[in-house]
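In the UniProt record's numbering, the protein residues as written are 1 to 224.
This is the structure we're talking about:
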């Protein structure tokens with residue numbers, strides 16, 4: 001097989017994989033269901049064989065990838081429409097901790113050991129089982145936790161404080177470049193931004209690595 005043919009297949013394979021990620025929802029690894037995980041493993045093995053096989057043409061290559069993508073999209077549609085099939089293919093959340101007590105049977109059915117459970121809790125900044133009211137093991141392997149009320153961080157309601165509007169910070173400068181769309185989003189122009197920078201001791205944007213703006217707090221700058 002010529003190197004040119006291999007390069008062509010690699011480029012086409014990269015384009016196809018990018019397209020597949022878009023049409024299948026661009027899920028992150030933390031969102032993958034068992035069905036999508038199997039799809040990725042088989043697709044990876046399939047591409048590895050197809051790219052280096054002499055007797056597989058580019059058209060057969062495209063057909064196989066297209067068919068495989070259509071198959072996973074069909075299964076996605078079926079699981080969205082039919083609850084029983086969705087439960088069969090994706091599974092249901094499992095309660096593994098109730099009122100600070102680990103459910104041994106649920107843990108065994110989930111094929112997890114105590115070290116794995118404790119590790120999942122620590123990843124959620126929970127270092128004691130006694131703090132947990134409920135913990136659910138999700139179908140994608142992640143854990144969802146509801147803490148007991150006395151271990152929850154205090155909220156503004158606990159202090160009888162008025163609710164404040166949450167303002168989303170907008171990135172205005174990245175690596176010395178002004179993000180014009182974000183600047184317009186906050187209702188400002190480039191002259192205003194340069195004046196703000198000048199007030200903070202910066203002559204231009206090239207010396208700024210990152211800058212963001214928030215309505216209440218103003219401009220925050222990280223210089224290069």
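By construction, the Cβ of each residue, glycine as well, lies at the ideal position given by its N, Cα and C atoms.
From residue i to residue j, what distance separates their C-alpha atoms?
i           : j           : result
residue 205 : residue 180 : 13 angstroms
residue 20  : residue 69  : 7 angstroms
residue 124 : residue 87  : 26 angstroms
residue 138 : residue 196 : 47 angstroms
residue 209 : residue 161 : 37 angstroms
residue 211 : residue 166 : 19 angstroms
residue 178 : residue 43  : 40 angstroms
Return helix, strand or coil for residue i, following the three-state DSSP convention.
i           : result
residue 107 : helix
residue 53  : coil
residue 216 : coil
On the criterion of 16 or more Cβ atoms from any shown chain inside 10 Å, does residue i qualify as buried, or is it exposed?
i           : result
residue 271 : Given a span of 1 to 224 for the chain in the structure shown, any question on residue 271 remains unanswerable.
residue 173 : buried
residue 198 : exposed
I think residue i touches residue j, with their Cβ atoms under 8 angstroms apart; what is that distance to the nearest whole Å?
i           : j           : result
residue 189 : residue 183 : 7 angstroms
residue 100 : residue 130 : 4 angstroms
residue 132 : residue 73  : Actually they are not in contact, since the Cβ atoms of residue 132 and residue 73 sit about 38 angstroms apart, beyond 8 angstroms.
residue 97  : residue 134 : 6 angstroms
Item to complete: Any chance you could list the beta strand (DSSP E) runs of at least 3 consecutive residues sitting entirely within the UniProt domain "YetF C-terminal" (81-214), in chain order?
Response: 94-98, 132-137, 143-147, 170-174, 208-214
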